[in-house]
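Residue numbers (the numbering used here): 11 to 157.
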């Protein structure tokens, strides 16, 4: 029996592949419910300082002209479309995990952004967006008068 399970020619092997896929989906579902969605595309990191935010976004396989960035007040939107790869005739997909299609990410930042000074750089599939904080939203130090 052990030989049949490990033999790639048997249907039992398909059972274990299906079991692994089901386990992956169940694990992803549990992680999504506990920590927020892990399946969002594109993946982003958001870093903030007192006077700015930096968003790093992974977009492999795209060109800068395939990406749209919009900023309004404290909301950043990243939108684009990643085309599916062309497959030769007769090719079957055994497993597909790389995202393709339209995507839209909207991120709420902890402060309003100075839209005139936003800077976006795209290098080797990594999009870095520097989002300066509006001057009027920066914390102001209040002087205390002795008295």
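Glycine included, every Cβ here is placed at the ideal spot set by N, Cα and C.
Computed from a prediction, not measured in an experiment: that's the story for all the values here.
As a quick exercise: from 87, 81 and 73, pick the residue whose alpha carbon is nearest that of residue 93.
The candidate whose alpha carbon is nearest that of residue 93 is 73.
Could you tell me how far apart the beta carbons of residue 106 and residue 52 are, in whole angstroms, since I believe they sit closer than 8 Å?
Actually they are not in contact, since the Cβ atoms of residue 106 and residue 52 sit about 17 Å apart, beyond 8 Å.
Within 10 Å of its beta-carbon, does residue 123 have 16 or more other beta-carbons around it, so buried, or fewer, so exposed?
Of the residues assessed, residue 123 falls on the buried side of the cut-off, its CB having 16 or more other CB atoms within 10 angstroms.
DSSP on residue 78, reduced to helix/strand/coil?
In the structure shown, the three-state DSSP call for residue 78 is strand.
Within 10 angstroms of the Cβ of residue 63, are there 16 or more other Cβ atoms? Answer buried if so, exposed if not.
Looking at its Cβ environment, which holds 16 or more other Cβ atoms inside 10 Å, residue 63 is buried.
Residue 47, buried or exposed, once every other Cβ within 10 Å from all chains shown has been counted against 16
In this prediction, residue 47 has a pLDDT of 48, which is less than 50 and means its spatial position is unreliable; nothing more can be read from the coordinates.
For residue 81, which of 75, 100, 68 and 121 has the nearest alpha-carbon?
Nearest C-alpha to residue 81 among 75, 100, 68 and 121: 121.
DSSP three-state label for residue 55, please.
Strand at residue 55.
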